[in-house]
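Working notes, beginning with the structure itself.
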Amino acid sequence: MNKSDKSEIVSSNIDKAIFNPLADIYEEKDSVILLAEMPGVNEKNIDISVENNVLTITGIQDEEDFKGYELMHRSYNTGIYKRSFSMAGDIDSSNINAKISNGILRIVLPKMEKAKPKKITVQAEN
């Protein structure tokens, strides 16, 4: 993607509303589960990034689904979903995975394996 392609994407999204998606966070023994509402967003339009222990999710609704229709009334807002979350230091960011189903983004943040106790055997030198 060259610089002009990026500027087209930015300029095409500049007039869209930005929504803070509702989210629930659950903790399990080995992971943290984050559920975020992103209605109307497909997997191709979701970006998830981690930087400095901050998880950022961004989703853009594709208005292509409505092309060719004449708008008679609008109550349903379209735009960009964006939200950031501070992560605990024990999250294994290299193994995060995500799925979207029925407008709910599910992100599984696995916890790092704790250092297991290790017995060190001492051997005699000959």
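The opening position of the sequence shown corresponds to residue 0 in numbering that gives the first Met the number 0, with each subsequent residue numbered one higher. Idealized CB from N, CA, C, for every residue including glycine.
For the 9 Å CB-CB criterion, residue 105 and residue 33 form a contact.
Using a Cβ distance threshold of 9 Å, residue 37 and residue 56 count as a contacting pair.
Residue 94 sits in a helix when the DSSP states are folded into three classes. Residue state for residue 15 is assigned as coil, using DSSP reduced to three classes. If you look at residue 119, you'll find it isn't in any beta strand (DSSP E); DSSP assigns it neither H nor E.
Within 10 angstroms of the beta-carbon of residue 60 lie 16 or more other beta-carbons, which makes it buried. If you draw a 10 Å sphere on the C-beta of residue 70, you find fewer than 16 other C-beta atoms in it, and that means exposed. Per DSSP, reduced to three states, the secondary structure at residue 43 is helical.
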